[in-house]
Amino acid sequence: MSDAHKKFVSLMNKVLDEEATKEEQRLLDAHIADCSSCRVHFHELRQSADLLNRLVHPQAPLNFTKNVLDKLPADNRHAVRNWVSRHPLYAAMAICALPMSLMMIAARRQTVYRDKNGNGQFILLKMPENRS
C-alpha cells in the first residue's frame, strides 16, 4: 500500500469512529469513488465495525468495582507519606536532625590548632613554617 493509501486508511478509521470533519468526509468519499482498492477496504472496515457493534455488551453488577477493590490487599506504598501527613512536626524534626547530626560529626573530626602566639584564635589549617 502506498503512502497516499495509508493516509486514507487513517482517514477511514476517523470516519468510522465519527471523528472526521465534513471536509475529511468529502475527501474520503471522493477518493473512494476513484480507488477501487480503498473502496473495498473501507467496505470491509465498515462491515467489521457493524459486526462489533452488534455484539452483546455485558453489564457488570452495580457493586462490581467496590467488590473487586475490597478483595485487593491493602496498599502500603504510601505508608511514609501518610505518617508524614499525620505527624508533620516529627517529620520536620527528622528532616532537620539528620543533616545537623552529620555536620556535628564532621565538625568534631576536624582538628583545630591554636595559633602559635596563643592569642586564642583558632585556625582550621596549619601552614608550614618555612617555604623556601
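First residue of the sequence shown? That's 247 in the working numbering, and the numbers climb one at a time after it. All residues carry an ideal CB built from backbone N, CA and C; glycine is no exception. Computed from a predicted model, the values in this text were never measured in an experiment.
At which residue ranges does the region 254-315 contain complete alpha helix (DSSP H) runs of 4 or more residues, listed in the order of the chain? Secondary structure remark: continuous alpha helix (DSSP H) runs of at least 4 residues inside the region 254-315, in chain order: 268-280 and 282-300.
Inter-residue CB distance, L257 and A266 (contact presumed, cutoff 8 Å): Stepping through the sequence shown from its first residue, residue 257 is reached at position 11. Stepping through the sequence shown from its first residue, residue 266 is reached at position 20. Confirmed, about 7 Å.
Quick check on DSSP: helix, strand or coil for P345? In the sequence shown, residue 345 corresponds to position 99, counting from 1. In this structure, DSSP gives P345 a helical state, which the three-state scheme calls helix.
Tell me whether V302 is buried or exposed, calling it buried when 16 or more other Cβ atoms sit within 10 Å of its Cβ. Position 56 of the sequence shown, counted from the start, is the residue given in the question as residue 302. With fewer than 16 other Cβ atoms within 10 Å, it is exposed.
To the nearest angstrom, report how far apart S331 and A320 are at their CA atoms. Within the sequence shown, the letter at position 85 stands for residue 331. Within the sequence shown, the letter at position 74 stands for residue 320. Whole-angstrom Cα-Cα distance: 19 Å.
Exposure label - F310; buried when at least 16 CB within 10 Å: On the sequence shown, position 64 is the one that residue 310 refers to. Residue burial annotation: F310 is exposed, with fewer than 16 other C-beta atoms found within 10 angstroms of its C-beta.
Cα separation between R300 and V314? As a first step, residue 300 is located in the sequence shown; it is residue number 54 there, counting from the start. As a first step, residue 314 is located in the sequence shown; it is residue number 68 there, counting from the start. C-alpha separation (whole angstroms): 29 Å.
Quick check: what's the CA-CA separation for L297 versus R272? Counting from 1 along the sequence shown, the entry for residue 297 is found at position 51. Counting from 1 along the sequence shown, the entry for residue 272 is found at position 26. Between the alpha carbons of L297 and R272 lies a gap of roughly 25 Å.
So, with DSSP's three-state summary, where would you put L335? What you label residue 335 is simply residue 89 of the sequence shown in a count that begins at 1. DSSP places L335 in helix when its eight states are reduced to three.
Given a threshold of 16 other Cβ atoms within 10 Å of its Cβ, counted over all protein chains shown, does I341 qualify as buried or as exposed? The sequence position of residue 341 within the sequence shown is 95, counting from 1. Answer is exposed; the Cβ neighbour count stays below 16.
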